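Below you'll find the structure, written out as structure tokens, and then a few comments.
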Amino acid sequence: MGGGVAEEFSSDQAEFPMVAETLPGDGPVMEVGLTELPMVTETLSDDGPVLEVSCDLRLEQKPARTLLLVGRSGNGKSATGNSILGKPAFKSKGRASGVTTVCESQSSILPNGQIINVIDTPGLFSLSPSTEFTCRELLRCFSLTKEGIDAVLLVFSLRNRLTEEEKSALFALKILFGSKIVDYMIVVFTNEDSLEEDGDTFEEYLEDSPDFKEILKACNDRKVLFQNKAKAHESQKAKQVQELLNYVEEIARKNGKPFMDDLSHELRENETAFKIKQRDILEMKGWYTKQEMSRKMKDMERSFENQQLRQMMERVETQLRERLEQQLNQEQAARLEMEKGANEVEKQSSDVAKESKISQESARLVEIWRTQGMYDVLE
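When you number the sequence shown by the UniProt record's numbering, it's gap-free, plus one each residue, and the end is 379.
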């Protein structure tokens, strides 16, 4: 290698240490994880056998990972993304209103060569985002995660009180992404310094916050405490990021593949068909004026966007209706269990009325979702 290669060798070691190469001058230090597999050969010479040792250097590099940040505006999603990437990639200001207004993707290459993609989202858990806004951002999110999502980071702030919207985070995530999304979820708690100010430990905070129990149980207790402040020691930041990435690899091993639902495939197929139509129109440019070509392209783009948005809204409404009917059925079953002494005939005759009531109630709530937003449904 180039200047300054540090190596150690021990005959009884099966694995060999990392090789560090320092570039000439004041350039960066590049560390590459290598596994050296010694190959021993024997050749003959006039002076007798000569032992030759060579090494097969094989680069061990983990696959790229895509992480999705979700949570309420002002909880520190952007700052968390910057800590993971190791650079100020996202705009971040410590205020409750939040900075992120649309889904945004940033990437970084870790010292070991692994590529990390982080997608920051606007406050989908903020008070009553409109249906159209939510669905448009979901479409944008899916377009930024074409290879799938390796982990969803659900970000809460220890500085803020848990809102009603955040208490319904699991419900909302399942509606927006499908029920399997929790298998990819990691809970991130920001503003660790607020615990020190209150004289609490992290364990004491969780013990006094029963609302987190269901969320943590759903994601197999995968949780990380983050301190994103500039004053935080670099070794502390590195440790918390490594803990998070360990969870990401655990999720990858457990699930075997990134998260990608049926709608993601369908949306990509639509996009492929749209690009083919675009190409066909461009090939006919000799038949149209420049203004006509521009108008045709814009009309086609508008039609495509409306189609994608309509599909997304239909998917979310279907999942919302199914989830609400399931929830209402459970509530009805619990009430009937308490009324076991009621006449069996009365219970049978009430079944039809019960199903009708559930359908009417779910339809009413879906209409609220259409006109007002997710969290008005949950009130």
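Where a beta carbon is used, it is the ideal one built from N, C-alpha and C, also for glycine. Predicted model only: the values in this text are computed from it and were never measured.
Discussion item. Quick check: what's the CA-CA separation for Gly199 versus Ser209?
Written reply: 16 Å
Practice prompt. Would you mind sorting Ala273 into buried or exposed? The rule is 16 or more other CB atoms within 10 Å of its CB.
Written response: exposed
Fill in: Three-state secondary structure assigned by DSSP to Met313
Here DSSP, grouped into helix, strand and coil, assigns Met313 to helix.
Worksheet item: CA-CA distance, Cys219 and Ala334?
Response: 26 Å
Worksheet item: Between which two residues does the beta strand (DSSP E) containing Thr66 stretch?
Response: Arg65 to Gly71
Fill in: As assigned by DSSP and simplified to three states, the class of Ser10
At Ser10, the pLDDT of 40 sits below 50, so the modelled position is not reliable and the matter cannot be decided from this model.
Worksheet item: Just to confirm, does Gly74 get its C-beta within under 7 Å of one of the non-hydrogen atoms of the ligand FAD?
Response: In the structure on display, the ligand FAD does not appear, and there are no ligands present to speak of.
Worksheet item: To which residues of the same chain is Gly25 closer than 8 Å at the C-beta, ignoring the five residues directly before and after it?
Response: With a pLDDT of 41 at Gly25, under the threshold of 50, the modelled position of this residue cannot be trusted; read the value that follows with caution. For Gly25, where only same-chain residues beyond five positions count, there are no Cβ hits under 8 Å.
Discussion item. One question on the structure: do Arg140 and Cys103 come within less than 8 Å of each other, judged by their Cβ atoms?
Written reply: yes
Worksheet entry | Coil, strand or helix - Asn246 by DSSP | Here Asn246 sits in helix by DSSP.
Practice prompt. Report the three-state DSSP secondary structure of Pro210 (helix, strand or coil).
Written response: coil
Fill in: Gly76 burial status per 10 Å Cβ neighbour count (16 or more: buried)
buried
Fill in: Rounded straight-line distance, which links the Cα of Phe177 to that of Thr134
One alpha carbon belongs to Thr134, the other to Phe177, and they sit about 12 Å apart.
Worksheet item: Which of helix, strand or coil does DSSP assign to Met185?
Response: strand
Worksheet item: With a CB to CB cut of under 7 Å and the five nearest residues on each side skipped, what residues in its chain are close to Gly86?
Response: Correct list, in chain order: Ser108.
Item to complete: Determine contact between the stretch 145-163 and the stretch 62-72, defined as no fewer than three beta-carbon pairs at a distance below 8 Å.
Response: yes
Practice prompt. Could you tell me the boundaries of the beta strand (DSSP E) in which Ala151 lies?
Written response: Element bounds for Ala151: Ala151 to Ser157.
Fill in: Any 3 or more C-beta pairs closer than 8 Å across the stretch 237-252 and the stretch 213-229
Contact between the stretch 237-252 and the stretch 213-229 is established, with three or more Cβ pairs separated by less than 8 Å.
Discussion item. At the level of alpha carbons, what is the spacing between Glu301 and Pro258?
Written reply: Linking Glu301 to Pro258 through their CA atoms gives a straight-line distance of about 29 Å.
Worksheet item: Beta-carbon separation of Tyr184 and Ile116 under 8 Å?
Response: No, these two residues do not count as a Cβ contact at 8 Å.
Worksheet item: Are Leu173 and Ile181 closer than 8 Å when you measure CB to CB?
Response: yes
Fill in: Whole-angstrom distance between Ile84 and Asp221, CA atom to CA atom
C-alpha separation (whole angstroms): 20 Å.
Practice prompt. Name the residue from Phe189, Leu195, Asp211 and Tyr205 whose alpha carbon lies nearest to the alpha carbon of Glu165.
Written response: Asp211
Fill in: Proximity winner among Leu267, Ala89 and Ser130, relative to Val118 (alpha-carbon distances)
Ala89
Worksheet entry | Element boundaries [beta strand (DSSP E), containing Asn117] | Ile115 to Asp120
Fill in: Gln106 - partner residues in DSSP beta bridges
Val118
Worksheet item: According to the neighbour-count rule (16 or more other Cβ atoms, all chains shown, within 10 Å of its Cβ), is Met313 buried or exposed?
Response: buried
Worksheet entry | Separation of Glu197 from Lys223, as counted between CA atoms | 21 Å
Worksheet entry | Whole-number beta carbon distance between Gly81 and Gln106, since they are thought to touch under 8 Å | 7 Å
Worksheet entry | Spatial neighbours of Asp193 in its chain, beta-carbon cut-off 7 Å, leaving aside the 5 residues before and after | Excluding residues within five positions, the ones whose Cβ falls inside 7 Å are Gln227 and Lys229.
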